[in-house]
Amino acid sequence: MSIFSSIPAESKIASNDLAFAIRDKYPVSDGHSLVIPNREISTWWEATPEERQALFELVDVIRAQLLESHSPEGFNVGFNAGDVAGQTIDHLHIHVIPRYRGDMPDPRGGVRHVIPERGNYLAPRVPEVRAGLHSTQDDRFYRELSRLLQDHSFDHFNLIISFVMYSGVQEIASHIDEALLRGVRIRLLTTDYLLVTHPTALAHLLDRGRIQRPGGGSIEIRVFSGGSTSFHPKAYIFTTADPAAGVALLGSSNLSSSGLRHGIEWNLRSEQVGELNTEFERHWRDPRSILLTENWLAIYRARFEARPKIADVAGVPVLEAGDGATDHEPGPASPNEVQREALAALEATRIEGHRAGLVVMATGLGKTWLAGFDSTRPSYSRVLFVAHREEILQQSLDVYRRIRPDGSLTVYAGGERDRSGDVVFASVQLLNLHLDEFDPEEFDYIVVDEFHHAAAPTYRRVIGHFRPKFLLGLTATPDRADAADLLSLCGDNLVFDRDLRYGITVGLLSPFRYRAIRDVADYAEIPWRNGRFDTEELSARLETQQRAQQVLDEWRGLDGADRRTLAFCCSIRHADYMAAFFTRAGVSAAAVHSGESSVSRIDAVDALRAGELAVIFTVDLFNEGLDVPDIDIVMMLRPTESGIVFLQQLGR
Numbered sequence: 150m151s152i153f154s155s156i157p158a159e160s161k162i163a164s165n166d167l168a169f170a171i172r173d174k175y176p177v178s179d180g181h182s183l184v185i186p187n188r189e190i191s192t193w194w195e196a197t198p199e200e201r202q203a204l205f206e207l208v209d210v211i212r213a214q215l216l217e218s219h220s221p222e223g224f225n226v227g228f229n230a231g232d233v234a235g236q237t238i239d240h241l242h243i244h245v246i247p248r249y250r251g252d253m254p255d256p257r258g259g260v261r262h263v264i265p266e267r268g269n270y271l272a273p274r275v276p277e278v279r280a281g282l283h284s285t286q287d288d289r290f291y292r293e294l295s296r297l298l299q300d301h302s303f304d305h306f307n308l309i310i311s312f313v314m315y316s317g318v319q320e321i322a323s324h325i326d327e328a329l330l331r332g333v334r335i336r337l338l339t340t341d342y343l344l345v346t347h348p349t350a351l352a353h354l355l356d357r358g359r360i361q362r363p364g365g366g367s368i369e370i371r372v373f374s375g376g377s378t379s380f381h382p383k384a385y386i387f388t389t390a391d392p393a394a395g396v397a398l399l400g401s402s403n404l405s406s407s408g409l410r411h412g413i414e415w416n417l418r419s420e421q422v423g424e425l426n427t428e429f430e431r432h433w434r435d436p437r438s439i440l441l442t443e444n445w446l447a448i449y450r451a452r453f454e455a456r457p458k459i460a461d462v463a464g465v466p467v468l469e470a471g472d473g474a475t476d477h478e479p480g481p482a483s484p485n486e487v488q489r490e491a492l493a494a495l496e497a498t499r500i501e502g503h504r505a506g507l508v509v510m511a512t513g514l515g516k517t518w519l520a521g522f523d524s525t526r527p528s529y530s531r532v533l534f535v536a537h538r539e540e541i542l543q544q545s546l547d548v549y550r551r552i553r554p555d556g557s558l559t560v561y562a563g564g565e566r567d568r569s570g571d572v573v574f575a576s577v578q579l580l581n582l583h584l585d586e587f588d589p590e591e592f593d594y595i596v597v598d599e600f601h602h603a604a605a606p607t608y609r610r611v612i613g614h615f616r617p618k619f620l621l622g623l624t625a626t627p628d629r630a631d632a633a634d635l636l637s638l639c640g641d642n643l644v645f646d647r648d649l650r651y652g653i654t655v656g657l658l659s660p661f662r663y664r665a666i667r668d669v670a671d672y673a674e675i676p677w678r679n680g681r682f683d684t685e686e687l688s689a690r691l692e693t694q695q696r697a698q699q700v701l702d703e704w705r706g707l708d709g710a711d712r713r714t715l716a717f718c719c720s721i722r723h724a725d726y727m728a729a730f731f732t733r734a735g736v737s738a739a740a741v742h743s744g745e746s747s748v749s750r751i752d753a754v755d756a757l758r759a760g761e762l763a764v765i766f767t768v769d770l771f772n773e774g775l776d777v778p779d780i781d782i783v784m785m786l787r788p789t790e791s792g793i794v795f796l797q798q799l800g801r
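Start counting the sequence shown at 150; every next residue gets the next number (our numbering).
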């Protein structure tokens, strides 16, 4: 007789005619419940259709109860069948396990964690070299550092690094952004000793903290300014709220490209971080450790620019003072050929008396760079850059920082409301809420990115409110399906137009071959609603074994296994289905979208770039605001009614 058969009625939290539910005696999370058939059967396949229906009815009941009483953020639902699969009681029982953010370091893979090391098949496949030496040979140190930066079990990064260079910031910028998105608190302590740390590197790090992320992450930077006191520690410390638990890499690597990857550096990995964190806190609180601000950075930049090119400071030549000091740091940014043409066209249109204009440039030709260069003219003392997504604002901020290394750049988006900068990066949504607080002539130059959205009421209201000296609209895809007259919002003035074909012709964009494959899916019977295929029915027709196999076969025929691929799907469900199908076929694949089952976009792109991932299946997340240059194949696995969407996806 099963122990479940003797459970008293008062222990049952729900029941129907054929099944009942109880709390698990050994829960893996708070609220973990079991749904059990009244009849003693071993596995699901012995249950009658009526019993199966009764069991899943109770799963729904328990889920509703848990949502009300425990507020979980997700669920795992399933059963074990057979002792080799972990079944310990020979009476079918379905686990309903509520999940909470943070209940395990990296939950991706879900029920795959029945074999722990196979749980997250999307985790970066970085060789784990634990205790011992981590040199820069074969990128071992950089790979271990990248793995730790992406490890969801750490929510505090304490970095104490003597010299910080722009090249090093660029190496880890995407990992820093991802960590901030998931709520990590980052503290960096560096130094102005010997004037080696590059001010542009500090500016880029300061900019990363301007846009508030949904996860609540933060970055704070202090600079040890101790005069002639040497400052040479180099430690990357990763911990949780418990400062004694974690991992550290410490040794000789500064935050520079040569320090992380290309020089000869030795570092040790240690899990004894308690004393390291104590020392970090001592130096962090030292009165000589100064909080990095715009004002302090401006003063430091002046000192940095005035430093002797070769000088003997404390017996050490400045340009050889620190590993990475000889890295090629960014010089003044300059426009490319097509941007110079566009700049000339913009100047000509202003001479003709125009106060607004639209520039059309294919993805990859540098629209944001163009706007950054054009807005540096002396007559434009205040600039407003408008976009609809904070990720676009962050990327644009990075571009403008290269063009204006010592500029005052501020953000008006999310929880950040700083409109004091010479250049203000603003979300159109927040602007709409507070337009009345802005003087219509507050900005001399306004940039509206992704201008094909400008027909929306939110954009029209912003454009109508301000009276700048010049308004620049930017887009790669000007032809809207709804025939909205975008050009009228720019004074009917198309200033410059360079399409995809032009970019390929002049060698600024990669040429490509387009292959059209006869689709096994039958679109004739899919309902057409509101100018497009019905999404649910379309997903159902595309999520078939036959079509997925066709896609896999065609992909392999293109030597896909050796070529990085971005595939666009019709829905989240379709993307998940394709990623699972490819994975079962032995192909490293991931689904990236706006749903809960998505992997991190930044992690996926990094893994694709490193060759650790072969295919990213997505829906619309890569349409705007992110270029993915490290791909060889784009697969359009969905019918695309919009020419705009097609070009956006192709342009990635």
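Using N, Cα and C, we set each Cβ at its ideal position, and we do this for glycine too.
Using CA coordinates, which residue listed in the options is at the minimum distance from residue i?
i, options, result
"A665", "Q695, P788 and L441", "P788"
"I162", "S154, F153 and R172", "R172"
"I587", "H614, A536 and F574", "The sequence given here has Phe at residue 587, not Ile. Measuring from the Cα of F587, the nearest candidate turns out to be H614."
"D657", "E486, Y315 and D646", "A small correction: the amino acid at residue 657 is Leu; Asp does not occupy that position in the sequence shown. For L657, the nearest C-alpha among the options comes from E486."
"I675", "F380, R431, Y449 and L687", "L687"
"L718", "T684, N679 and Q698", "In the sequence on display, residue 718 carries Cys and not Leu. Ranking T684, N679 and Q698 by Cα distance to C718 puts T684 first."
"A604", "L636, I335, M510 and E428", "L636"
"S402", "S284, D781, T512 and D702", "S284"
"H305", "E320, D781 and F429", "F429"
"V509", "A520, H503 and R499", "A520"
"R531", "H583, T559, S659 and G515", "T559"
"R452", "D555, S737 and N679", "D555"
Tell me whether residue i is buried or exposed, calling it buried when 16 or more other Cβ atoms sit within 10 Å of its Cβ.
i, result
"W704", "buried"
"K174", "exposed"
"E501", "exposed"
"V768", "buried"
"G774", "Here G774 scores only 47 on pLDDT, less than 50, and its place in the model should not be relied on; the value that follows carries that caveat. Buried, because 16 or more other Cβ atoms sit within 10 Å of the Cβ of G774."
"Q299", "buried"
"V655", "exposed"
"T346", "buried"
"G180", "buried"
"R431", "exposed"
What residues are listed by DSSP as bridge partners for residue i?
i, result
"E565", "A562"
"P247", "F224"
"D769", "None, per the DSSP bridge assignment."
"S164", "F169"
"P186", "A168"
"I368", "I335"
"I386", "N307 and A397"
"D646", "V509"
"N444", "None; N444 has no bridge partner."
"A536", "S576"
"F373", "T340 and S438"
Taking the C-alpha atoms as reference points, what is the distance between residue i and residue j?
i, j, result
"S743", "D326", "17 Å"
"P784", "I190", "The residue asked about is misnamed: residue 784 is Met in this sequence, not Pro. Those two C-alpha atoms are separated by around 46 Å."
"S524", "D571", "11 Å"
"Q694", "A729", "11 Å"
"H381", "L398", "15 Å"
"S332", "R667", "Position check: residue 332 holds Gly in this sequence, whereas Ser was assumed. Cα to Cα, the separation comes out at about 46 Å."
"K618", "Y529", "8 Å"
"F600", "A352", "28 Å"
"L404", "Q488", "32 Å"
"Y651", "S316", "32 Å"
"M727", "V700", "9 Å"
"G395", "F645", "54 Å"
"D472", "L621", "Per-residue confidence for D472 stands at a pLDDT of 43, beneath the threshold of 50, marking its modelled position as unreliable; no derived number is given."
"E454", "A447", "11 Å"
"V573", "E217", "43 Å"
"E222", "E745", "9 Å"
"Q202", "L762", "39 Å"
"R456", "L344", "7 Å"
"R750", "L507", "31 Å"
Step through the CB atoms of chain C and report whether any lies within less than 7 Å of the CB of residue i.
i, result
"G744", "Any reference to chain C falls outside this structure, which holds one protein chain only."
Validate contact between the segment 582-597 and the segment 384-400 using beta carbons, cut 8 Å, 3 pairs: no
Three or more C-beta pairs below 8 Å linking the segment 539-554 and the segment 601-613: no
Three or more C-beta pairs below 8 Å linking the segment 199-216 and the segment 231-238: no
The segment 281-293 contacting the segment 361-368, beta-carbon criterion three pairs below 8 Å: no
Meets three-Cβ-pair contact criterion under 8 Å: the segment 412-420 and the segment 309-328: no
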